[in-house]
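Residue numbers (the working numbering), protein chains in the order written: chain F, 6 to 485; chain Y, 6 to 485.
There are 2 protein chains.
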Amino acid sequence: MDVAEFRRRGKEMVDYVADYLENIEQRPVYPDVEPGYLRSMIPAEPPLEAELYEDVLRDVERVIMPGITHWHSPYFYAYFPAASSFPAMLADMLCEAIGCIGFSWAASPACTELETVMLDWLGKMLQLPEDFIAGTHGQGGGVIQGTASEATLVALLAARCKAVRLVQASDPKISEADIISKLVAYTSDQSHSSVERAGLIGGVKMKKVPTDQHYAIKGDVLRNMLEEDKAAGLIPFYLCSTLGTTPSCAFDPIAELGPICNAEKIWMHIDAAYAGSAFICPEFRPLLNGIEFADSFNFNPHKWLLINFDCSTMWVKKRSDLIGAFKMDPLYLTHENQESGLVTDYRHWQIPLGRRFRSLKMWFVFRMYGLTGLQAHIRKQVGLAKEFESLVRADKRFEICAEVIMGLVCFRLKGSNKLNEVLLKNINHTRRIHLVPCQLSGRFVLRFAVCARTTESRHIQEAWQLITQLTYELLQEQPL
Amino acid sequence: MDVAEFRRRGKEMVDYVADYLENIEQRPVYPDVEPGYLRSMIPAEPPLEAELYEDVLRDVERVIMPGITHWHSPYFYAYFPAASSFPAMLADMLCEAIGCIGFSWAASPACTELETVMLDWLGKMLQLPEDFIAGTHGQGGGVIQGTASEATLVALLAARCKAVRLVQASDPKISEADIISKLVAYTSDQSHSSVERAGLIGGVKMKKVPTDQHYAIKGDVLRNMLEEDKAAGLIPFYLCSTLGTTPSCAFDPIAELGPICNAEKIWMHIDAAYAGSAFICPEFRPLLNGIEFADSFNFNPHKWLLINFDCSTMWVKKRSDLIGAFKMDPLYLTHENQESGLVTDYRHWQIPLGRRFRSLKMWFVFRMYGLTGLQAHIRKQVGLAKEFESLVRADKRFEICAEVIMGLVCFRLKGSNKLNEVLLKNINHTRRIHLVPCQLSGRFVLRFAVCARTTESRHIQEAWQLITQLTYELLQEQPL
Numbered sequence: 006m007d008v009a010e011f012r013r014r015g016k017e018m019v020d021y022v023a024d025y026l027e028n029i030e031q032r033p034v035y036p037d038v039e040p041g042y043l044r045s046m047i048p049a050e051p052p053l054e055a056e057l058y059e060d061v062l063r064d065v066e067r068v069i070m071p072g073i074t075h076w077h078s079p080y081f082y083a084y085f086p087a088a089s090s091f092p093a094m095l096a097d098m099l100c101e102a103i104g105c106i107g108f109s110w111a112a113s114p115a116c117t118e119l120e121t122v123m124l125d126w127l128g129k130m131l132q133l134p135e136d137f138i139a140g141t142h143g144q145g146g147g148v149i150q151g152t153a154s155e156a157t158l159v160a161l162l163a164a165r166c167k168a169v170r171l172v173q174a175s176d177p178k179i180s181e182a183d184i185i186s187k188l189v190a191y192t193s194d195q196s197h198s199s200v201e202r203a204g205l206i207g208g209v210k211m212k213k214v215p216t217d218q219h220y221a222i223k224g225d226v227l228r229n230m231l232e233e234d235k236a237a238g239l240i241p242f243y244l245c246s247t248l249g250t251t252p253s254c255a256f257d258p259i260a261e262l263g264p265i266c267n268a269e270k271i272w273m274h275i276d277a278a279y280a281g282s283a284f285i286c287p288e289f290r291p292l293l294n295g296i297e298f299a300d301s302f303n304f305n306p307h308k309w310l311l312i313n314f315d316c317s318t319m320w321v322k323k324r325s326d327l328i329g330a331f332k333m334d335p336l337y338l339t340h341e342n343q344e345s346g347l348v349t350d351y352r353h354w355q356i357p358l359g360r361r362f363r364s365l366k367m368w369f370v371f372r373m374y375g376l377t378g379l380q381a382h383i384r385k386q387v388g389l390a391k392e393f394e395s396l397v398r399a400d401k402r403f404e405i406c407a408e409v410i411m412g413l414v415c416f417r418l419k420g421s422n423k424l425n426e427v428l429l430k431n432i433n434h435t436r437r438i439h440l441v442p443c444q445l446s447g448r449f450v451l452r453f454a455v456c457a458r459t460t461e462s463r464h465i466q467e468a469w470q471l472i473t474q475l476t477y478e479l480l481q482e483q484p485l
Numbered sequence: 006m007d008v009a010e011f012r013r014r015g016k017e018m019v020d021y022v023a024d025y026l027e028n029i030e031q032r033p034v035y036p037d038v039e040p041g042y043l044r045s046m047i048p049a050e051p052p053l054e055a056e057l058y059e060d061v062l063r064d065v066e067r068v069i070m071p072g073i074t075h076w077h078s079p080y081f082y083a084y085f086p087a088a089s090s091f092p093a094m095l096a097d098m099l100c101e102a103i104g105c106i107g108f109s110w111a112a113s114p115a116c117t118e119l120e121t122v123m124l125d126w127l128g129k130m131l132q133l134p135e136d137f138i139a140g141t142h143g144q145g146g147g148v149i150q151g152t153a154s155e156a157t158l159v160a161l162l163a164a165r166c167k168a169v170r171l172v173q174a175s176d177p178k179i180s181e182a183d184i185i186s187k188l189v190a191y192t193s194d195q196s197h198s199s200v201e202r203a204g205l206i207g208g209v210k211m212k213k214v215p216t217d218q219h220y221a222i223k224g225d226v227l228r229n230m231l232e233e234d235k236a237a238g239l240i241p242f243y244l245c246s247t248l249g250t251t252p253s254c255a256f257d258p259i260a261e262l263g264p265i266c267n268a269e270k271i272w273m274h275i276d277a278a279y280a281g282s283a284f285i286c287p288e289f290r291p292l293l294n295g296i297e298f299a300d301s302f303n304f305n306p307h308k309w310l311l312i313n314f315d316c317s318t319m320w321v322k323k324r325s326d327l328i329g330a331f332k333m334d335p336l337y338l339t340h341e342n343q344e345s346g347l348v349t350d351y352r353h354w355q356i357p358l359g360r361r362f363r364s365l366k367m368w369f370v371f372r373m374y375g376l377t378g379l380q381a382h383i384r385k386q387v388g389l390a391k392e393f394e395s396l397v398r399a400d401k402r403f404e405i406c407a408e409v410i411m412g413l414v415c416f417r418l419k420g421s422n423k424l425n426e427v428l429l430k431n432i433n434h435t436r437r438i439h440l441v442p443c444q445l446s447g448r449f450v451l452r453f454a455v456c457a458r459t460t461e462s463r464h465i466q467e468a469w470q471l472i473t474q475l476t477y478e479l480l481q482e483q484p485l
């Protein structure tokens, strides 16, 4: 395909994309395919000779679309939102064309520098403490990671490295392996599975702190665990606290946990993967109070801030903590300017070496929406969740299972777990809306997350109508 | 921006991208900016209100382009290639629109299933042993990782987990920490810095095997190290061998190393990040002989197989080895079909949880080029490297520093390292071509990698002309 054909095909693809998104409501939100459906629809062997583009595009509708879960349908209420906006898509077209691999400043200075400034912009929107802003002289700053899982892991590895150095400074004879075997990381029993996984990868113990009735860590519970573990000769070194848990969007009281961590020299990482975007609104910002005690903070603009995946933003107070844990400088990656204080080589901040020019998406979205437009998006989706909550509360057969603070409503039929499992199955089998469950205090709960940018009140009403209709049918067969 | 405006802006962006790539030769390949250049060119604060799209686009030329290292310029000869093709860009537009996060089969069945089949297609193009092909009943299969660094790490972590279980099976009382402190991973002194980093992250010793005059590991050298380490009570568990090293594109003799690893129950991972693409050509496939002894194999189609970053393909013989090391199944990620043997939940195969629909790029590229077209691309670039090699060899002032097998030529002026450092600096300061150095046997060497898809013979000739002209000037001031 030459450049002339790309001009034509690219414009056709823009229309295809626009048509897809404009008419997405007409597609069943959840696919009706069985595992293994695709293999038999395409050849078993790769083509020897080039095929026609028309045939490829025809196969998108024939082979791909029947197997898609349409995350951007206004009938999609599963997991958490995956951000999507037109400015982000335009920026990613540009990113693809530039196609630089920004592992060092020299590999494309704009790629690194725009990222640093965009993380400062976003940090200011969140009113992060000055420590987290790079500026021209700061010790901290931000980086785009691929996912929150990676941010959690990177923070844990940096904390591990720092803890080993700290112990060895007072006892130079103790081996690294010996120290690592004594290290303990903490997180709540509500935190994301990727936190436990970070502990596995880093080869350290990870203890789950039991949560209270709000699904949050209480300071005294944490303090007691730390005392017990220290008395047993262990070394607490890392806490991953969550603002907006995956099951129920619960918030750990970081203003209470932070001082404990600081006093104990425990690295406090804050995972606000979903909820973080809301902190750009003054009314939600108090939930971030206590951030001043944290060593690192992360959330996913690719969830709720209209920036297409992947864009998981992470800030640290001391970038030397990250760099110190990972730095490697082979000759083929060194460059003239790297010793300048102004230069950031982001490869030292992350697990992968290569990186796309992802800050372009942030720049386009921030400028095309403005802070006001982004706040409006958050507020609209919280409003829709509140609307759904009201519908649930007005129906005595149902109960709300966790406080609705942002765009997630956890609810269930009063009755057995089995009953709720059947209800969810029936809902998803209609393929008209899509939800996933969670477990709260041993109970099977339905999660209704407002996801698509285009979800409106009428979709919420329709969803509730469907749920109550299926409930009516279910309760006729199987009363409460 | 509504969908109607996106149709218009998207088509303009297609033209911008086409214009950029069509006229890329006219831009200096390497930017003339100082560290920190960008911050002063844009506001310090994010905009409160939405801006005009025209202003954003204007700033792309004003702010971004002056700071870009143009990886797709035919005058770019640094690092290794970053793949770029029009079919891949079209597929990524579609990927952005679908915008699914494919962490599980249910999160978008097509996203998972196309990936499995595309990895089978590519595995067949490489003539991988049947063990690595998923098919419908295979124990192995492939996955798209973000980068080779992640593949190396994932393989090391799976190997670590397997080694711990193996030791504990014969000695249940030994602790995991104790085992990990005895584990030793191996790689050559030529392997990529990310391999050493994987050892750091995994908390295991990583020993560098010294290489021979071809910059490759010799079997008996490895065998001696293993014997010594075992005698010292250590546990060898992982070898990362390289096919196509970053400094000089050297090849470890995997057919010789494989049987040693198999006999010692050492996980053999093969990192062919750059060179792997060439194995689709029968004339290069013999370099992959010995793959049958490997546990895992990885290369980057996003380097040399015309699939835009990121697309790092990895195969394993036993997918249970990967899944066993990472599996976590919270309720919000479970789905009805996950116990079916046909279902793959790729989140268990990788570090991040979220993943883009990257196999679309593979599908578009494979079909729009065909195997024949892809082979032609590889052969053309190897031919251009050979052409450059001939030019160097014909000039008695220069020497070739490593056998030229693929698209990389390592060369230097006969003379001091200092002299070559100055030559490279002078070359890069012209901003007409861009190269990076490497170190081979203590010598400072210039790497000339054929990178851009659009590089032709005339660019090679021009590059050589520039190099010899600068050499002439340099030697006038500072004779050999």
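Cβ atoms here follow ideal geometry from the backbone N, Cα and C, with glycine treated the same way.
Note that the structure is a prediction, hence the values are computed from the model and not measured.
Given this structure, state the Cα-to-Cα distance separating residue i from residue j, to the nearest angstrom.
{"i": "S113(F)", "j": "R360(Y)", "result": "25 angstroms"}
{"i": "P357(F)", "j": "T152(Y)", "result": "6 angstroms"}
{"i": "A168(Y)", "j": "S89(Y)", "result": "39 angstroms"}
{"i": "Y220(Y)", "j": "C254(Y)", "result": "9 angstroms"}
{"i": "V148(Y)", "j": "L131(F)", "result": "37 angstroms"}
{"i": "D234(F)", "j": "I296(F)", "result": "25 angstroms"}
{"i": "P33(F)", "j": "E66(F)", "result": "14 angstroms"}
{"i": "Y82(Y)", "j": "K213(Y)", "result": "28 angstroms"}
Which one of the options has the shortest CA to CA distance from residue i?
{"i": "Q483(Y)", "options": "L418(Y), N433(Y), Y337(Y), C443(Y)", "result": "L418(Y)"}
{"i": "T339(Y)", "options": "H353(Y), Y220(Y), D326(Y)", "result": "H353(Y)"}
{"i": "A93(F)", "options": "S89(Y), A102(Y), R384(Y), T473(Y)", "result": "A102(Y)"}
{"i": "I275(Y)", "options": "I405(Y), S154(Y), I312(Y), A237(Y)", "result": "S154(Y)"}
{"i": "L429(F)", "options": "E478(F), G388(F), R398(F)", "result": "E478(F)"}
{"i": "D315(F)", "options": "D60(F), F362(F), D176(F)", "result": "F362(F)"}
{"i": "S45(F)", "options": "I69(F), D24(F), V122(F)", "result": "I69(F)"}
{"i": "L347(F)", "options": "G140(F), V38(F), L62(F), D24(F)", "result": "G140(F)"}
{"i": "N422(Y)", "options": "A278(Y), L413(Y), L451(Y)", "result": "L451(Y)"}
{"i": "S199(Y)", "options": "V159(Y), L231(Y), L227(Y)", "result": "V159(Y)"}
{"i": "C245(Y)", "options": "L292(Y), T157(Y), W309(Y)", "result": "T157(Y)"}
May I ask you to list the residues that DSSP assigns as paired with residue i?
{"i": "E404(F)", "result": "R417(F)"}
{"i": "W320(Y)", "result": "G147(Y), F302(Y)"}
{"i": "T192(Y)", "result": "K213(Y), C245(Y)"}
{"i": "F256(Y)", "result": "L248(Y)"}
{"i": "F81(F)", "result": "H439(F)"}
Need the endpoints of the alpha helix (DSSP H) that residue i sits in, please.
{"i": "W272(F)", "result": "Element bounds for W272(F): not the alpha helix (DSSP H) but the beta strand (DSSP E), 272-276."}
{"i": "Y58(Y)", "result": "58-64"}
{"i": "V22(F)", "result": "8-27"}
{"i": "F91(F)", "result": "91-103"}
{"i": "K223(Y)", "result": "Unbroken run through K223(Y): none, as it is neither H nor E."}
{"i": "C166(Y)", "result": "153-175"}
How far does the beta strand (DSSP E) with residue i in it reach, from first residue to last?
{"i": "F453(F)", "result": "448-454"}
{"i": "P442(F)", "result": "441-445"}
Quick one: which chain B residues come within Cβ less than 7 angstroms of residue i?
{"i": "I185(F)", "result": "Absent from the structure is chain B; the protein chains it does hold are F and Y."}
### Query
Relative to chain Y, which residues along the segment 408-437 of chain F have a C-beta separation below 7 angstroms, given in chain order?
none
### Query
For the segment 96-109 of chain Y, which residues have a CB atom closer than 7 angstroms to at least one CB atom of chain F, in sequence order?
D97, M98, L99, E101, A102, I103, G104, C105, I106
#### Entry: Residues, ordered as in the chain, of the segment 11-25 of chain Y that lie near chain F by beta-carbon distance below 7 angstroms
F11, R12, R14, G15, K16, M18, V19, D20, V22, A23, Y25
### Query
Using a Cβ cut-off of 8 angstroms, which residues of the segment 365-384 of chain F contact any Cβ in chain Y, in chain order?
L365, W368, F369, F371, R372, M373, Y374, G375, L376, T377, G378
### Query
At a Cβ cut of 9 angstroms, what residues of the segment 140-173 of chain Y count as close to chain F, listed as they run along the chain?
G140, T141, Q150, G151, T152, A153, S154, E155, L158, L162, R165, C166
### Message
Tell me which residues of the segment 266-279 of chain F have at least one Cβ-Cβ distance to chain Y shorter than 9 angstroms, keeping chain order.
### Response
none
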